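Take a look at the structure below.
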Amino acid sequence: MGTFLFLMFAVWGAAVGAWFLVSKYVKSSDMDRIKARLIGTSKAKKSGKKKSDPSQPQVIQTIETSKNKFAQMLVDKYQWGPKLGMYLDQAGLKWTPARLVHLTLVLLLGGTAFGWLMLPIPKWLAIILGVAAASGPSLFVYKKRAIRLKRFEELFPETLEFVSRSMRAGHAFSVSLEMIHREFQEPVAGEFRRTFEEHNLGLPLDVALEKLAGRIPSLDVHFFVSAVLLQKRTGGNLAEILDKLAYVIRERFKLRGRIRAVSAHGRMTATALSLIPIAVAVLMFYTNPDYVKFFFTDDTGNIMLGSAVALQLIGYAVMKQIVKIEV
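Residues in the sequence shown are numbered from 0 upward in steps of one, following numbering that gives the first Met the number 0.
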């Protein structure tokens, strides 16, 4: 009974940690609604099977069918394809959603089997080892996505100024988009080249820009798309608007840096408070192993250890949210 309760607490804690890592992407928030309003779209509630939208033609297909039938069946059954495909696209990976699911399942089974058969540990620890191994692909994609989006935001102000200078020199807006991929590095070059190719293949410019805003979950990109679409409908000096937008983005970067400096103490405190129990447990394991074994061999110890791990994860998530300030 104690082992079951501990396993339940451990899985619950792992679920809380996974939710904390992907909450920015999965959970809809006020920021998502603001972005939708900026580009003039609204997210309608969908029920049943999804129907193709003729106003959003798919010029360039990025999601392919995987050869792994079981993983592809899971993706199709639970409709993970669009969301996982967008997530992998934002990370700059050429994986299919089924491949990510396949890797997760293989590592789950492999890690559990390795701990169950090869290591002298309790069975519930083998299951936890499998869950930890299965989280590897998702963590890798999450890290790659965060690095790529951060790099895009760093290059985006300079990109806007380049488009502004190009338009002042007499080039059309679409030509300026085509020149970006020759003058800038990834991921800016690849994203704007994809937008230009979609427009060049017949997709309307407003739809191509809306697809760009959908691929890059950045408020700055949505402001850029909104400014271009508004200028297309009403007229105005787009080059001046882009210059001011680049200035605003750089000022926000400066403000974000000041906030990170002010909140550094809180972030260091959260990290220290989370690492202290782990360090104490390791020291106790070497100095008094009989005392530590109580948490692994006794039913009451299992419950206490599971509760401690779950509460530690929840506390870390709460502290991270406290020091997190959106700019």
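The C-beta atom is built at its ideal place from N, Cα and C for all residues, glycine as well. Keep in mind it's a predicted model, so treat the numbers as computed, not measured.
Query	Result
Rounded straight-line distance, which links the Cα of Val279 to that of Arg164	59 Å
Endpoints, alpha helix (DSSP H) assigned at Leu254	Leu237 to Val261
Touching by the beta-carbon criterion (3+ pairs, under 8 Å), the stretch 143 to 151 and the stretch 314 to 322	no
Cβ-Cβ distance between Leu228 and Asp242 below 9 Å	no
Supposed contact pair Ala212 and Glu160 - C-beta distance, whole angstroms, cut 8 Å	Wrong, their Cβ atoms sit about 20 Å apart, outside the cutoff.
Distance between Ala112 and Ala330 (C-alpha atoms, nearest Å)	Here the chain has residues from 0 to 326 only, and residue 330 is not among them.
Beta carbon of Pro156 nearer than 9 Å to that of Phe295	no
Cβ neighbour criterion (16 or more within 10 Å) applied to Thr158	buried
Ala307 vs Pro276 beta-carbon contact at 9 Å	yes
Helix, strand or coil at Thr95 according to DSSP, with G and I counted as helix	coil
Presumed contact (8 Å Cβ cut-off) between Glu196 and Arg214, rounded CB distance	Actually they do not touch by this definition, with Cβ atoms about 13 Å apart.
Test item: CB-CB of Ala70 and His101 under 9 Å	yes
Reference Glu239, options Tyr141, Phe223, Arg232 and Leu272, closest by Cα	Phe223
Buried versus exposed call for Asn236 [16 or more other C-beta atoms within 10 Å across all chains shown]	exposed
Simplified DSSP assignment, three categories, for Lys323	coil
Neighbour-count burial assignment, Asp297, 16 or more Cβ in a 10 Å radius	exposed
Cβ-Cβ separation, Gly91 to Pro186 (assumed contact under 8 Å), whole Å	6 Å
Status (buried if at least 16 other CB within 10 Å, exposed otherwise) for Arg98	buried
DSSP state of His170 mapped onto helix, strand, coil	coil
Close Cβ partners of His198 (< 7 Å) along its chain, the five nearest in sequence each way excluded	Ser173, Leu204 and Ala207
Residues near Phe284 in its chain [Cβ-Cβ closer than 7 Å; skip 5 each side]	Val291
Test item: CB-CB of Trp79 and Val140 under 9 Å	no
Own chain partners of Arg249 with C-beta closer than 8 Å, once the 5 adjacent residues on each side are dropped	Pro156
Min CB distance Ala280 to chain D below 9 Å	Any reference to chain D falls outside this structure, which holds one protein chain only.
Cα-Cα separation, Leu108 to Leu200	45 Å
Exposure label - Gly314; buried when at least 16 CB within 10 Å	exposed
Supposed close pair His180, Arg192 - CB separation, criterion 8 Å	4 Å
Residue interval of the alpha helix (DSSP H) (run including Glu196)	Val187 to Asn199
Euclidean distance between Cα positions of Ser273 and Glu152	30 Å
Close beta carbons around Thr286, own chain, < 6 Å, minus the five adjacent residues each side	none
Rounded Cβ spacing between Pro96 and Leu87 (contact assumed at less than 8 Å)	7 Å
Rounded separation between Lys210 and Thr194 - CA only	8 Å
Buried versus exposed call for Phe293 [16 or more other C-beta atoms within 10 Å across all chains shown]	exposed
Under 9 Å between C-beta atoms of Ala302 and Ile258	The residue you asked about is not Ala; residue 302 is Ile in the sequence shown. In this structure, Ile258 does not lie closer than 9 Å to Ile302 by Cβ.
Assigned exposure category for Lys42 - 16 Cβ within 10 Å defines buried	Reliability fails at Lys42, whose pLDDT of 43 lies under 50, so the model's placement of it is uncertain and the value that follows must be treated cautiously. Burial call: exposed.
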